[in-house]
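Notes follow once the structure below has been shown.
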Amino acid sequence: MATSERIRKCLFPAAGYGTRFLPATKAMPKEMLPIVNKPLIQYGVEEALEAGMTQIGFIVGRGKRAIADHFDNNYELEHQIAGTSKEKYLDDIRTVMDTCDFVFMRQREMLGLGHAILTGEPMIGSEPFAVVLADDLCAKPTDSNDLRALGQLAELYDRYQCSIIAIEEVPIEDTESYGVISGEEISPGIYQVSDMVEKPKPEDAPTNMAVIGRYILTPEIFEYLRNTPPGRNGEVQITDALRTLAQDRQVLAVKFKGERFDCGSVEGFVKATNYYFENEYSK
Ligand code: G1P
Numbered sequence: 001m002a003t004s005e006r007i008r009k010c011l012f013p014a015a016g017y018g019t020r021f022l023p024a025t026k027a028m029p030k031e032m033l034p035i036v037n038k039p040l041i042q043y044g045v046e047e048a049l050e051a052g053m054t055q056i057g058f059i060v061g062r063g064k065r066a067i068a069d070h071f072d073n074n075y076e077l078e079h080q081i082a083g084t085s086k087e088k089y090l091d092d093i094r095t096v097m098d099t100c101d102f103v104f105m106r107q108r109e110m111l112g113l114g115h116a117i118l119t120g121e122p123m124i125g126s127e128p129f130a131v132v133l134a135d136d137l138c139a140k141p142t143d144s145n146d147l148r149a150l151g152q153l154a155e156l157y158d159r160y161q162c163s164i165i166a167i168e169e170v171p172i173e174d175t176e177s178y179g180v181i182s183g184e185e186i187s188p189g190i191y192q193v194s195d196m197v198e199k200p201k202p203e204d205a206p207t208n209m210a211v212i213g214r215y216i217l218t219p220e221i222f223e224y225l226r227n228t229p230p231g232r233n234g235e236v237q238i239t240d241a242l243r244t245l246a247q248d249r250q251v252l253a254v255k256f257k258g259e260r261f262d263c264g265s266v267e268g269f270v271k272a273t274n275y276y277f278e279n280e281y282s283k
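Going by my numbering, 64 is the number at position 64 of the sequence shown; the sequence numbering is gapless.
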């Protein structure tokens, strides 16, 4: 399996309230909502691990301690089920815990995705890194041996050595839920980004190519984020920082292979649950 040698670190912004899932998210982080029997955030971390990334950074806010507990030992439980048939349910999380290191950083104020990423700068330093938005759940491609979306991006990074974002065509009426790009197709499914707009109305959208929550970013993005004024919703947007970076240097957008579920919406969450039940859990 080809994985990136160079990208070791992956950030998981996880400070949002998850208001669309209230009351479930009143006392529980939305990232811990399970798709079948596994929390959303664990799917994201497993995808990062598959892409060769073992330094995992969570950008959390208040009320998110369950995420830290999930990636830690639970001696009492482990003692209880040791040697029983139930122990196998811990196989995946044990693999993740044995292979990855976890860092938690607190975003004290919700000032946007760009600000959340900037909060991770002390952990990233000056190397390229990945960002995963766990709400977007990316399944393994079923018709090829490709890695999941982040692994596909990491492989392209090896070739192009620039910031790379995942995109997908969406119905034009949905552009207001996404960052939207335009650019020239330089190779099948790979676009050189010339413009990016955060959540445009359909009539203002340059295309229907939407940004999905998988990014490989080069470290100069931090300087761009520092110089990015608040944009859509009064928040610092990674989309705006990337637009400026694309004008100064190269940013690529890639149509990745494999199905993606918007688990930030109830409808996408239910679709993902059915998909994983049928394709992974029951097998
Ligand atoms: C964020 C980004 C947006 C991107 C989306 C993908 O928005 O700001 O550009 O298209 O993730 O899921 P959010 O869904 O967090 O509002």
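Cβ atoms here follow ideal geometry from the backbone N, Cα and C, with glycine treated the same way. Small disclaimer: the values here were computed from a predicted structure and weren't measured.
Beta carbon of residue i nearer than 8 angstroms to that of residue j
i	j	result
Ile284	Glu31	Examination of residue 284 is not possible in this model, given that the chain is present from 1 through 283 alone.
Ala139	Gly258	yes
Asp248	Arg6	no
Ile93	Ser163	no
Ala14	Pro29	yes
Gln208	Glu169	The sequence as given places Asn at residue 208; Gln does not occur at that position. Yes.
Asp143	Gln152	no
Tyr191	Asn37	no
Phe269	Cys263	yes
Leu49	Thr84	no
Beta-carbon contacts of residue i that lie in its chain and below 7 angstroms, excluding the five residues immediately before and after
i	result
Glu87	Ile81
Glu198	Gly179, Gly231, Arg232, Gln237, Thr239, Asp240
Gly120	Leu11, Gly57, Ile59, Met105
Thr95	none
Member of the options whose CA lies at the smallest distance from the CA of residue i
i	options	result
Ala134	Phe261, Thr84, Tyr275, Ala205	Phe261
Thr175	Leu217, Gly264, Arg8, Lys201	Lys201
Tyr215	Arg8, Ile41, Val131, Gln42	Val131
Val211	Leu242, Pro229, Thr218, Ile167	Ile167
Asp69	Glu47, Glu235, Pro23, Pro39	Pro39
Simplified DSSP assignment, three categories, for residue i
i	result
Gln42	helix
Pro13	strand
Leu225	helix
Ser4	Low local confidence applies: a pLDDT of 44 at Ser4 is under 50, so the model's placement there is unreliable, with the coordinate-based value given in what follows. Coil, per DSSP.
Glu109	coil
Contact with chain D by residue i, beta-carbon distance below 8 angstroms
i	result
Gly213	Given the protein chain composition of this structure (a single chain), no chain D is represented.
6 angstroms Cβ shell around residue i - same chain, five flanking residues per side excluded
i	result
Tyr275	none
Val193	Ile181, Gly183, Ala246, Val251, Ala253
Gln55	Arg8, Lys9, Asp101
8 angstroms Cβ shell around residue i - same chain, five flanking residues per side excluded
i	result
Val266	Arg20, Phe21
Lys271	Phe261
Tyr160	Gln250, Leu252
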